[in-house]
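Undergrad: Numbering (UniProt numbering), first residue to last: 1 to 206.
This is the structure I want to talk about, given as structure tokens.
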């Protein structure tokens with residue numbers, strides 16, 4: 001998913017299958033997954049379309065994610081046996097180096113950010129929490145968020161990752177939880193800002 005289809009775009013199994021030269025079965029499975037992820041929604045009796053996200057949808061999703069990610073970080077701080085600190089540092093360091101480059105490689109930065117948070121989640125020792133977060137975290141949205149960031153915001157995000165690592169290494173659950181929550185909500189503020197996802201629309205939740 002690369003945000004190439006605008007909200008409201010109709011998706012038809014037959015047309016998609018023909019375009020990619022596959023049967024309707026894998027297309028049907030993909031559509032079911034997209035519906036489960038909230039990226040498409042029913043249209044009429046049988047069709048589907050790209051979901052129309054409102055500011056309220058965005059805020060609800062990010063606030064829910066902030067609380068779940070923060071709880072995962074708290075749990076991870078108490079599981080040194082599961083933490084892979086060298087990998088977390090490597091991801092954070094690479095992201096910090098990319099933050100200094102011009103122009104910014106938003107795609108790679110987004111990938112590293114996703115890997116970092118997945119690594120923290122997997123260290124929480126809670127399969128249920130990881131599964132719940134998987135249904136909340138919309139990967140295309142995470143890719144989109146960094147196009148809304150200024151270079152200064154990207155640099156700040158990188159510093160926050162290093163702070164999260166410090167909290168995890170210290171085994172300080174309170175610190176890990178609070179910095180992670182603030183970190184996720186900072187991304188929400190960027191998406192709501194003048195460079196964000198809704199900069200070109202006045203669509204609001206009522």
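For each residue, glycine too, the CB sits at the ideal point set by N, CA and C.
Buried or exposed: where does residue 22 fall if 16 or more other Cβ atoms within 10 Å of its Cβ makes it buried?
TA: In the chain shown, the residue the question calls residue 22 occupies position 22. Classification for residue 22: exposed.
Undergrad: Taking 7 Å as the cut-off, decide whether the C-beta atoms of residue 147 and residue 106 are in contact.
TA: Taking the chain shown and counting its residues from 1, the one referred to as residue 147 is at position 147. Taking the chain shown and counting its residues from 1, the one referred to as residue 106 is at position 106. Yes, the pair counts as a contact, with Cβ atoms nearer than the cut-off.
Undergrad: Within the continuous beta strand (DSSP E) that includes residue 22, where are the two ends?
TA: Sequence index remark: in the chain shown, residue 22 carries index 22 (1-based). Segment: none, residue 22 is in no beta strand (DSSP E) and carries neither H nor E.
Undergrad: Rounded to the nearest angstrom, what separates residue 176 and residue 86 at their Cα positions?
TA: Taking the chain shown and counting its residues from 1, one reaches residue 176 at position 176. Taking the chain shown and counting its residues from 1, one reaches residue 86 at position 86. The straight-line gap from Cα to Cα measures roughly 17 Å.
Undergrad: Going along the chain, which unbroken runs of the alpha helix (DSSP H) with 4 or more residues stay wholly within the stretch 85-116?
TA: Segments of the alpha helix (DSSP H) lying fully in the stretch 85-116: 85-99.
Undergrad: Just tell me which of 18, 49 and 26 has its CA closest to the CA of residue 8.
TA: Numbered from 1 along the chain shown, position 8 holds the residue referred to as residue 8. Considering only alpha carbons, the answer is 49.
Undergrad: If you measure between the beta carbons of residue 210 and residue 114, is that distance less than 7 Å?
TA: For residue 210 there is no data in the structure shown, the boundaries of the chain being 1 and 206.
Undergrad: Starting from residue 47, trace the beta strand (DSSP E) both ways and give me its first and last residue.
TA: For the purposes of this step, residue 47 is taken as residue 47 along the chain shown, with counting starting at 1. Note, residue 47: beta strand (DSSP E), 47-50.
Undergrad: Nearest to residue 215 by alpha carbon, out of 125, 154, 29 and 25?
TA: Past the boundaries of the shown model lies residue 215; the chain is included only from 1 to 206, so the question cannot be answered.
Undergrad: Look at residue 190 and residue 159 and say whether their C-beta atoms are less than 7 Å apart.
TA: Position 190 of the chain shown, counting from 1, holds the residue named residue 190. Position 159 of the chain shown, counting from 1, holds the residue named residue 159. Not closer than 7 Å, so no.
Undergrad: Measure the beta-carbon distance from residue 167 to residue 77 and round it to whole angstroms, keeping in mind my assumption that it falls under 8 Å.
TA: Locating residue 167 in the chain shown gives position 167, where the first residue counts as 1. Locating residue 77 in the chain shown gives position 77, where the first residue counts as 1. With 8 Å as the limit, residue 167 and residue 77 qualify as a contact, their Cβ atoms being about 6 Å apart.
Undergrad: Name the two residues that bound the continuous alpha helix (DSSP H) containing residue 55.
TA: In the chain shown, counting from the first residue as 1, residue 55 sits at position 55. Element bounds for residue 55: 55-77.
Undergrad: Measuring straight from C-alpha to C-alpha, what distance separates residue 137 and residue 65?
TA: One-based indexing of the chain shown puts residue 137 at position 137. One-based indexing of the chain shown puts residue 65 at position 65. Rounded to whole angstroms, residue 137 to residue 65 spans 7 Å at the Cα level.
Undergrad: Among the residues of its own chain, which have a CB less than 6 Å from the CB of residue 74, if the five just before and after it don't count?
TA: Against the chain shown, residue 74 aligns to sequence position 74. For residue 74, where only same-chain residues beyond five positions count, the Cβ hits under 6 Å are 173, 176 and 177.
Undergrad: Tell me the residue span of the alpha helix (DSSP H) that contains residue 80.
TA: In the chain shown, the residue the question calls residue 80 occupies position 80. Note, residue 80: premise wrong, no alpha helix (DSSP H); not H, not E.
Undergrad: Around the Cβ of residue 149, are there at least 16 other Cβ atoms within 10 angstroms (buried) or fewer (exposed)?
TA: Stepping through the chain shown from its first residue, residue 149 is reached at position 149. Residue 149 is buried by the Cβ-count criterion.
Undergrad: Return the Cβ separation of residue 187 and residue 62 in integer angstroms, given the expectation that the two are a contact with Cβ distance under 8 Å.
TA: As a first step, residue 187 must be located in the chain shown, where it is residue number 187. As a first step, residue 62 must be located in the chain shown, where it is residue number 62. Contact holds; Cβ gap of about 7 Å.
Undergrad: In whole angstroms, what is the alpha-carbon distance linking residue 43 and residue 11?
TA: By one-based count along the chain shown, residue 43 stands at place 43. By one-based count along the chain shown, residue 11 stands at place 11. Those two C-alpha atoms are separated by around 9 Å.
Undergrad: When DSSP builds the beta bridges, which residues end up paired with residue 42?
TA: The residue given as residue 42 occupies position 42 in the chain shown. Paired residues: 48.
Undergrad: Once you ignore the five residues that flank residue 15 on each side, which residues in its own chain have a CB closer than 8 Å to its CB?
TA: Counted from its first residue, the chain shown places residue 15 at position 15. For residue 15, where only same-chain residues beyond five positions count, there are no Cβ hits under 8 Å.
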